[in-house]
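Numbering (this note's numbering), first residue to last: 15 to 288.
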């Protein structure tokens, strides 16, 4: 079977690192991503020691800016002639309202708009890599918090009434909507898209956003992304949302096709694509 290649964003620690490790253990070549090159290099060294037979490469770029994502996508395309899996895992829970250099609120930029642009830039490589009846896959690491979010179309940066949770929930809702729209826009033989609430996992993000909450281990949180990446689940339709390993209906807002199209149009405008 030809080698399959996966890019896992935010894979220098937490769920991303465990997802990358498990995918490599299952025989995939995995591209590690982080914002800091020294941290990416250290992660590569550690993973190669832990899994001597694993195949890893690495890229460092900022998923929170359009320029950073464009540079990162270019690096990935040079690194990988084929790309079968994109796991959009990188994420933050912001402690204050900050706009990035593009004028986008940071939670929305890192958790959603950056991954949206990355998916668009890598999309042709993903669909071209689908072969032998095996579709390529995009997996968005979302959250049950999406059920309490809404897309503030008239105030996407939350200039009025910003809270860390409102910003986080909006970005996580956008990720679920993104997976559903990808499913609408791509033939399932070429590209499948999913969103995942991995459970309440003991990660740095959990501590930053929710304080001393008891979470499950990161290897447990990686189980569903790994299964979806490898096609190891009973096939649910593309666009499905998984919560704690089970395909579950997402929020009513996420299922609103008109709202999803409106978000897509806004994203294209903000990301300057198309």
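From the three backbone atoms N, C-alpha and C, an ideal C-beta is built for every residue, glycine too.
Assigned with DSSP and collapsed to three states, residue 25 falls in coil, not helix or strand.
Residues 49, 82 of the same chain have their beta carbon placed closer than 6 Å to that of residue 76, with the five preceding and five following residues left out of the count. Your pair residue 131 and residue 285 checks out as a contact, with CB atoms roughly 4 Å apart and the cut at 8 Å. For residue 158, same chain residues with a beta-carbon under 7 Å away, outside a window of 5 residues either side, are 211, 257 in chain order. Residue 85 and residue 235 have their C-alpha atoms spaced approximately 29 Å apart. For residue 241, the three-state secondary structure derived from DSSP is helix.
Taking 7 Å as the cut-off, the beta carbon of residue 101 is found no closer than this to the beta carbon of residue 202.
Nearest Cα to residue 253 within the set 263, 69, 183: 263.
Per DSSP, reduced to three states, the secondary structure at residue 95 is coil, with no helix or strand assignment. The shortest CA-to-CA distance from residue 179 to any of 44, 171, 243, 107 is the one to 107. Sorting 126, 129, 71 by C-alpha distance to the C-alpha of residue 92 places 71 at the top.
Comparing C-alpha distances from residue 183 to each of 160, 168, 194, 189 shows the shortest one belongs to 160. With 16 or more other Cβ atoms inside 10 Å of its own Cβ, residue 125 counts as buried. With respect to residue 24, residue 104 sits close: the two C-beta atoms are nearer than 7 Å. Residue state for residue 166 is assigned as coil, using DSSP reduced to three classes. By the criterion of a C-beta distance shorter than 7 Å, residue 277 is surrounded in its chain by 165, 188, 191, once the five residues flanking it on both sides are discounted. Residue 167 and residue 46 have their alpha carbons spaced roughly 33 Å apart.
For residue 283, the closest C-alpha among the options 52, 206, 118 is that of 118.
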